[in-house]
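Trainee: Using the working numbering, the first residue of the sequence shown is number 1, and each one after it goes up by one.
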Amino acid sequence: MGEDSDPRKHKTRGYSPGGFGKYPNEHERKVVRIAGNLIDCPMALRNLLAIMRMFWPDGCVGALEIDRNSPGFWNKCINEFLRYYTYDLRFATEAEARASILAHMSDNLRRTLSDDRERADAKIAGASGTTYADHMPLYMKPSVWS
1 MGEDSDPRKH KTRGYSPGGF GKYPNEHERK VVRIAGNLID CPMALRNLLA
51 IMRMFWPDGC VGALEIDRNS PGFWNKCINE FLRYYTYDLR FATEAEARAS
101 ILAHMSDNLR RTLSDDRERA DAKIAGASGT TYADHMPLYM KPSVWS
């Protein structure tokens with residue numbers, strides 16, 4: 001039994017980029033319901049996360065640093081997202097849809113970074129001599145995680 005076939009071996013956590021990278025035609029864009037800071041399509045959420053990872057500015061950890069170092073980040077992500085999806089006009093105007101997407105991105109960013117930091121804190125507390133660098137999530141850029 002080789003090392004690759006060992007079922008107990010930990011596999012790194014991957015992620016699905018949704019439909020990212022495959023632009024639909026203008027008339028083929030999927031209509032998603034955007035209300036508040038909620039987006040009702042799981043594929044659209046995965047796509048939005050992949051877009052955020054692609055445009056993520058180096059050296060930025062949280063929303064405050066992104067605003068300071070890369071003020072166009074949020075608009076780039078929203079514009080890219082709207083190339084794939086459109087919103088239902090019964091639930092939101094363009095301004096409301098953009099504000100909802102922005103609110104969703106900032107909430108998701110804050111929650112994800114906080115969860116990753118809590119997991120790293122728990123691992124560091126359980127193992128002596130380790131640092132945050134030893135517990136960096138695989139999808140995170142080294143310049144972001146410190």
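Even for Gly, the Cβ is constructed at its ideal location relative to N, Cα and C.
Report the option in A122, N69, N37 whose CA atom is closest to the CA atom of A92.
Mentor: Sequence index remark: in the sequence shown, residue 92 carries index 92 (1-based). The residue with the shortest Cα to Cα distance from A92 is N37.
Trainee: Span of the beta strand (DSSP E) holding K22?
Mentor: Reading the sequence shown from its first residue, position 22 is the one you call residue 22. From DSSP, K22 is part of no beta strand (DSSP E); its letter is neither H nor E.
Trainee: Candidates A35, M105, D58, C60: which alpha carbon is nearest N79's?
Mentor: Residue 79 sits at position 79 when you count from the first residue of the sequence shown. Taking only the C-alpha atoms, the option nearest N79 is M105.
Trainee: What's the gap between the Cα of F55 and the Cα of G129?
Mentor: Locating residue 55 in the sequence shown gives position 55, counting from the first residue. Locating residue 129 in the sequence shown gives position 129, counting from the first residue. For F55 and G129, the distance between alpha carbons rounds to 34 Å.
Trainee: Is it the case that the Cβ atoms of V31 and A44 are separated by a distance below 7 Å?
Mentor: Position 31 of the sequence shown holds residue 31. Position 44 of the sequence shown holds residue 44. For V31 and A44, no; Cβs fall outside 7 Å.
Trainee: With a threshold of 16 other CB atoms inside 10 Å of the CB of Y87, please say whether the residue is buried or exposed.
Mentor: Taking the first residue of the sequence shown as position 1, residue 87 is located at position 87. Y87 is buried by the Cβ-count criterion.
Trainee: Between the alpha carbons of C41 and G19, how many angstroms are there, rounded?
Mentor: The residue you call residue 41 lines up with position 41 of the sequence shown. The residue you call residue 19 lines up with position 19 of the sequence shown. Spanning the two alpha carbons is a distance of roughly 12 Å.
Trainee: Since S100 and I51 are thought to touch, with beta carbons under 8 Å apart, how far apart are those beta carbons, to the nearest angstrom?
Mentor: By 1-based counting over the sequence shown, the position of residue 100 is 100. By 1-based counting over the sequence shown, the position of residue 51 is 51. About 15 Å; that fails the 8 Å criterion.
Trainee: Closer than 7 Å, CB to CB, is L48 near chain B or not?
Mentor: The chain inventory of the structure shown lacks chain B, comprising one protein chain alone.
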